[in-house]
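One structure is given here, and the rest of the page talks about it.
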Amino acid sequence: MIKIQLPKGEWSYDPEKPLGNPGGFGAVFQGYSEQFGTIAVKKLHITAEEAGHREVRVANELMQKELTHVMPILDAGMDAETGGYFFVMPCADHSLQDEINRRGKIPEIEAIDILSQIASGLLEVSQIVHRDLKPGNILFHENKWKIADFGIARFVEESTSLNTLKECLSPQYASPEQWKQEKITNKADIYSLGCIAYALISGKPPFSGAIFDELRERHLHSEPPVLECSPVTKSLVLLMLRKMPESRPSPERVNNRLVEIGQSFNQPSKGTGFDALAIAGAKAAEEANKEEALRLAAEKEKIKRQELARFASQSLNQVIDSLFEVINKFAPAAKIFKQANPYVWLGSALLKIEPPMKNGELDPVFFEKSSWDVIMIAKITIEQMNPKYVWGANLVYADPKRSGEFRWYEVMFMTSPLSRNRSSFEPFCVDYMNYSDAAIALGGRAIGLLQLAAKPVPIDDEHLDSFCNRWADLLAKAYSGELSHPRSLPLS
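For the sequence shown, the working numbering gives the first residue as 40, with consecutive numbering after it.
Next up, the structure:
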């Protein structure tokens, strides 16, 4: 037995007798006290140095209250000799996780009673956010279900710089705002309670069996699976699992609703009208959760595309600068104008670049018919005055195979041989009025008004020199009046 000295006295625990599996915040061991007999001692995974010798104030708050559905704390603080932090509690019979492991699915009427007791515990200490509510922290003690470890998560978060979710919290029960490391309120506990409801009624939490990053994605953007239970219970659980904390019910509302649902199980049915209304309410809750998940997924996609567009703009500027440097190096007489729409005069030959639209990324709907996921499109053209000829291409920032790799490509178009209206100048670039035709050409699975005049080629990074040399050569031909329609298209 190891002895520890805490603010309220001396305690002992046996490191060879763990109670349950170690958690993210600490490990629990069987202990002994002359006053209380067998006890549970939780040793936190932080030291006095890491915590700055902080006092466990939340433990003092809880010890001063008479609590029914919160595990009492007998003592808490730092052991001066070892520098470790400990929480001392009475020994419980078992945890809710033990109950789920043993029984699997819990009957709904019993699950509602358990959830009601947990909700009552949250209300008893409403000024404290638990932050790590899960079945392993719900203990059966003195014939009641009680919440354990109140305040430990907050103490560790405030005392260390740990990556809380990855190293401490239980990802299957963590709220979206915890995954995003945003401000935490008691609505996070409500979300966790909704996950516990799933675990009780279905035998497992709503999002499980995935690697860490996949689990994060599901909590943030996926709707929970169908829960087989009464419509009224389903409606409440889905409300608790809303992605946005502001759209979840308050702890008071959840507690009151659980009491009402529990009472309804012991009352005769009020008629098919009420039953139908409950079913409709559950369906509405499911649809609302689905709409919220879709909306958040769309917002995430929009943010991703905006970030890609910002990077694409920076990358395109580097490409343009490199091209102008090559032109200036080999043709110092060229007049280079770097402005909103950059251009270069070499004699009577004009090279123009039209950057993407100011609003940034394209609406994905433009290229739905294509395998290409397109973020931005620019245009580059060379005009030869005598004889008149224009050579053009689009500069497209895209992922051609939707494989997750975006870069800049040079894409040239020509008129389809089946079209009656042939373009005078080929290859050419397209503007937004013709994006749908360009999408068909890029798709390659249908015949449209346009087709590719050459195989699209990357122009950035390792392909930058080739791009610069190619367009510098075209500018030189335009200066000499040698630019003309290719002998054959598509270009090889």
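The beta carbon of each residue, even a glycine, is placed where N, CA and C say it ideally should be.
Everything numeric in this text was worked out from a predicted model, so none of it was measured.
Non-local C-beta neighbours of residue 145 in its own chain, meaning closer than 6 Å and more than five positions away in sequence, comprise 239, ordered along the chain. For the set 332, 467, 69, 169, the Cα lying nearest the Cα of residue 97 is the one of 169.
Under DSSP, residue 48 shares a beta bridge with 45. For residue 434, there is no enclosing alpha helix (DSSP H); the residue is found in the beta strand (DSSP E) stretching over 428-438. Boundaries of the beta strand (DSSP E) around residue 180: 177-180. Classified as buried, residue 115 has 16 or more neighbouring CB atoms from the shown chains inside 10 Å of its CB.
Runs of the alpha helix (DSSP H) lying entirely within the segment 100-168, each at least 4 residues long, are 135-142, 147-163 in chain order. Closest in C-alpha terms to residue 481, from the list 244, 283, 440, 514, comes 440. In the DSSP assignment, residue 482 falls outside any beta strand (DSSP E) and within the unbroken alpha helix (DSSP H) covering 474-482.
In the displayed model, residue 74 falls within coil according to three-state DSSP, outside both helix and strand. Each residue's CA atom was taken as its position, placing residue 112 and residue 438 some 57 Å apart.
Within the same chain, and ignoring the five residues on either side of residue 126 in sequence, the residues whose Cβ sits closer than 7 Å to its Cβ are 81, 98, 112, 115, 191.
Contact annotation: the segment 380-388 does not touch the segment 400-417, with fewer than three C-beta pairs closer than 8 Å.
Per the DSSP secondary-structure output, residue 449 pairs in a beta bridge with 434, 496. Around the beta carbon of residue 273, a 10 Å sphere encloses 16 or more other beta carbons of the protein chains shown; the residue is thus reported as buried. According to the DSSP secondary-structure assignment, residue 412 is paired through a beta bridge with 438. Fully enclosed alpha helix (DSSP H) runs of no fewer than 4 residues occupy 290-304 of the segment 273-324, in order along the chain. A Cβ-Cβ separation of about 7 Å places residue 291 in contact with residue 162 under the 8 Å criterion. Residue environment: residue 457 is assigned as exposed (fewer than 16 neighbouring CB atoms within 10 Å of its CB, all protein chains considered).
Under the three-state reduction of DSSP output, residue 219 falls in the coil class, being neither helix nor strand. Per DSSP, residue 58 lies in no beta strand (DSSP E) and is assigned neither H nor E.
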